[in-house]
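Going down the list, the protein sequences come from chains A and B.
All residue numbers for the first sequence refer to the numbering used here, where the first residue is 40 and numbers rise by one.
All residue numbers for the second sequence refer to the numbering used here, where the first residue is 40 and numbers rise by one.
Note that CB positions come from ideal geometry on N, CA and C, so glycine has one too.
Number of protein chains: 2
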Amino acid sequence: MVQEKNIPQHRRLYEILRKHIIDGIYKEGDLLPSENELCQLYGMTRPTVRQSLSTLANDGYIRKHQGKGSIVHHLPKEIGILSVSGTTSAVGSRNLKTRIIVKPSLIPWSEDFMFPLTELEKESGCIYFERLRLLDNEPIFYDISYIANINLPRITSRQFENRSLFQILREHYHIEIKGGEQRIKAIPASGRISRYLHLGKGQSVLHLERKMGTNNPALFLYSSIFCNTDKYSIFGRF
Amino acid sequence: MVQEKNIPQHRRLYEILRKHIIDGIYKEGDLLPSENELCQLYGMTRPTVRQSLSTLANDGYIRKHQGKGSIVHHLPKEIGILSVSGTTSAVGSRNLKTRIIVKPSLIPWSEDFMFPLTELEKESGCIYFERLRLLDNEPIFYDISYIANINLPRITSRQFENRSLFQILREHYHIEIKGGEQRIKAIPASGRISRYLHLGKGQSVLHLERKMGTNNPALFLYSSIFCNTDKYSIFGRF
DNA sequence: ATTTTTTACTTGTAAATACAAGTTATAATA
DNA sequence: TATTATAACTTGTATTTACAAGTAAAAAAT
């Protein structure tokens, strides 16, 4: 499953720099080594290095300035929307806990699913699970996830507690989110949702319906997310 | 103001192809001319052409497939969020009308503005206006816009009725939106908002607070948007 | 000391070239 | 006819070379 040497050079450098930024080796505002320095350091030519930096810039990890250099940009967009910023103070992701409400299981797709499905997806069945995500022990997100059962061995038996779905897919299946689309609504909380999110019935709740593409062109991730935005806002970059 | 010949070749080709896609010369699903054909057509080399296509792909106008070609992608992400898709049927933008509620005027910035401001912005003052946007003659968006008064001559006297702010900035001031950030909440409608959006008081309303960057590094656009998501959803790509 | 100029860096643009790898239609084979 | 191999496309990766343009610090002039 794990292939190491077939990845192109520019991708390799991208992953290295990305990891260094995430791990805090390069901090927000820091200047990355110059393109020529990176060439020497990693034995690549400038167009190759530039391709890595270009991808990093597109993903929001750095910002390039002619004449100055590449500057590490504050926190990347955690795939469109999912990073949360408190209205009063910033919240580190260390306070985020995940509780499984319905364990992953393979079920048939609903007839009137929120997005149109391909034949392959319909045949493959749907890996379904529900999670409640808590911030500082307060329930903020209620996530319902749907994934087509395509090339994901043993996923129903994996440990989802307190781990990101994206992280699991990335580490165990080499699946990267490429992009996607979403519909956003403000709705009054239903009985079940208000119970899980500790809200009064009928209070305003944010509802997201998302479809995410991956590096496997046949595989999409779907989720329906209910969010209590009373104390926190959804924060997104674009 | 208008400079024509200093723009780089890859940017020129980007603009041409982008316009052709917007104008429908290349339709959704169409295959763009191959990279080598574009080289011949526009007298450029492949790296230059590839840079144009790469930017188009990043902006969501096309999708590239190795071995096949560049395929026109359906409607680009109208800067993060602002395109609207009906829950029942797709809505063409021809049904969108804009009504000015408060005409553009220069005022001082509020002390507790929703985003932190630079000194230059504070000194320049704030161009403020409010607009109601209707879809099929139903009020859907209530927009409050804030722009720093930096290098925007005569903007307070321009015609905003039924025109996009982005379009005006692009055509008259060569200002392009580069990206931005936003906070999203679901809130109960206040009296004023519920009146403008034809809602009962306390009904759920979507609230966006956005900061957008431009090709002028000192100029940002801010807006506070209230949205009736009863019949329509906010639709976004990422 | 202050201002201006120069210099040495940085990224941006662009060409020419080569081969790898994925896709598709055609031609050869069974 | 159906399958397989080939060929002719497509985009992806990578090197090499050259100069333009923006930035910042050092050097020179005022």
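- Per the C-alpha coordinates, the member of A/V111, A/Y271, A/Y185 positioned closest to A/K142 is A/Y185.
- Taking the Cα positions, B/R172 is about 32 Å away from A/L236.
- In this structure, A/Y167 and A/S144 form a Cβ contact; the two beta carbons are roughly 6 Å apart against a cut-off of 8 Å.
- Judged by DSSP secondary structure, A/Q221 falls within the beta strand (DSSP E) whose first and last residues are 216-227.
- The bridge partners DSSP lists for A/C266 are A/F180, A/L245.
- Sixteen is the threshold: when 16 or more other Cβ atoms of the shown chains lie within 10 Å of the Cβ of A/F259, as they do, the residue is buried.
- DSSP, reduced to helix, strand and coil, places B/E150 outside both helices and strands of the structure shown, so it counts as coil.
- When Cβ-Cβ separations below 8 Å define contact, B/L56 makes no contact with chain A.
- For A/I232, there is no enclosing beta strand (DSSP E); the residue is found in the alpha helix (DSSP H) stretching over 230-235.
- Secondary structure at A/H104: strand, using DSSP grouped into helix, strand and coil.
- In summary, A/R85 is exposed, with fewer than 16 beta-carbon neighbours lying within 10 Å of its beta-carbon over all protein chains present.
- Classified as buried, A/E160 has 16 or more neighbouring CB atoms from the shown chains inside 10 Å of its CB.
- In the three-state scheme derived from DSSP, where H, G and I count as helix and E and B as strand, B/I194 is classed as helix.
- DSSP places B/L171 in the uninterrupted beta strand (DSSP E) bounded by 165-174.
- At a cut-off of 8 Å, the C-beta of B/G68 has no neighbouring C-beta in chain A.
- Boundaries of the alpha helix (DSSP H) harbouring B/S91: 85-97, taken from the DSSP string.
- Nearest to B/D175 by alpha-carbon distance, out of B/Y271, B/I46, B/I55, is B/Y271.
- Pairing A/S243 with B/S243 gives a Cβ-Cβ distance under 8 Å.
- B/Y261 and B/N190 have their C-alpha atoms spaced approximately 16 Å apart.
- Annotation for B/F274: the continuous beta strand (DSSP E) segment containing it runs 271-276.
- In the structure shown, B/Y185 falls within a strand segment according to DSSP collapsed to helix, strand and coil.
- With respect to the C-alpha of A/L77, the residue from A/D69, A/T87, A/G68 having the closest C-alpha is A/T87.
- Checking the DSSP bridge columns, you'll see A/T253 partnered with A/I216.
- Straight-line spacing of the CA atoms in B/T268 and A/E220 works out to 17 Å.
- For A/I110, the beta-bridge partners assigned by DSSP are A/L70, A/R102.
- Annotated as distal: A/G252 and A/K224, with beta-carbon spacing of 8 Å or more.
- Under a 10 Å Cβ-count criterion, A/I61 is classified as exposed, with fewer than 16 other Cβ atoms of the shown protein chains found around its own Cβ.
- Under the criterion of beta carbons closer than 8 Å, A/C165 and A/I140 do not qualify as touching, at roughly 17 Å.
- Leaving aside the five residues that flank B/N254 on each side, the residues in its chain whose CB is nearer than 7 Å to its CB run, in chain order, I214, E215, K217.
- C-alpha of B/F199 to C-alpha of B/R222: approximately 25 Å in a straight line.
- Listed along chain B is no residue with a C-beta nearer than 7 Å to that of A/S91; the closest approach is about 13 Å.
- Within chain B, no C-beta atom comes nearer than 8 Å to that of A/Q79; the closest sits roughly 23 Å away.
- Taking 7 Å as the cut-off between beta carbons, the residues of the stretch 245-265 of chain B near chain A are L245, in sequence order.
- Within the DSSP secondary-structure output, B/S144 pairs in a beta bridge with B/Y167.
- In the DSSP annotation of this structure, the continuous segment of the alpha helix (DSSP H) that includes B/I61 starts and ends at 48-61.
- Spatial neighbours of B/A257 in its own chain (CB-CB distance under 7 Å, excluding positions within 5 residues in sequence) are listed in chain order as L159, I189.
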